[in-house]
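Shown next, in structure tokens, is the structure this report addresses.
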Amino acid sequence: MSPQSYLELYIDTDESAEEIEVAVKREGREAFGRLNVEVVTYRNEDFEPSARQRSPYSAIECSRYCAEITALGTEDRADEFQSGTAALVRALRAGGRFVTASCDFEEVIADLTGWNWTRDEPEPPGR
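According to numbering that gives the first Met the number 0, the sequence shown is numbered sequentially starting from 0.
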């Protein structure tokens, strides 16, 4: 598996596990179009509710859920996977969630969505 075909999303929301799973799959189908991707959502075992009150923002500790997304058989379509990822992040954020991508193309996500966690800019817009 190419590092350009895998990512993990940290999703900071108070929605139920079922609601976030449905949202990620629905928005993912639209964002990735005809790319074959596998999506697995789960509770983030590093979630620490009190971290939401602290600064700077820690996506790992503040996010109740994670989603792992793997592109299957699309090594030659990295650009499509990256733009699909950005579209998914934008769609999930539009629903009021703080979403951070952890991947080998984080700078692309920041460029295409306006923000992704970095040491220099840890605070998501609107927090």
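Even glycine gets a Cβ: it sits at the ideal position worked out from N, Cα and C.
Rounded C-alpha distance that separates residue i from residue j
i, j, result
"Ala58", "Glu29", "25 Å"
"Glu120", "Asp75", "31 Å"
"Arg51", "Tyr41", "19 Å"
"Ala66", "Arg53", "23 Å"
"Tyr9", "Ile19", "11 Å"
"Leu6", "Asp103", "8 Å"
"Leu87", "Glu60", "21 Å"
"Phe46", "Thr69", "22 Å"
"Asn43", "Trp114", "21 Å"
"Leu123", "Leu71", "Per the sequence presented here, residue 123 reads as Pro, with Leu not at that position. Those two C-alpha atoms are separated by around 30 Å."
"Thr99", "Val23", "13 Å"
"Ala136", "Glu79", "Not covered by the structure: residue 136. The range shown for the chain is 0 to 126."
Run of the alpha helix (DSSP H) containing residue i, from where it starts to where it stops
i, result
"Ser82", "Ala77 to Ala93"
"Glu29", "Ala16 to Phe31"
Residue i in three-state terms, based on DSSP
i, result
"Leu111", "helix"
"Phe46", "coil"
"Phe104", "coil"
Range covered by the beta strand (DSSP E) that runs through residue i
i, result
"Glu7", "Tyr5 to Asp11"
Bridge partners - residue i, DSSP secondary structure assignment
i, result
"Tyr64", "Ile10 and Arg42"
"Glu37", "Thr69"
"Thr99", "Tyr9"
(request) Count the C-beta pairs between the segment 91-102 and the segment 32-49 that are closer than 8 Å, then say yes if the count reaches three, no if not. (result) no
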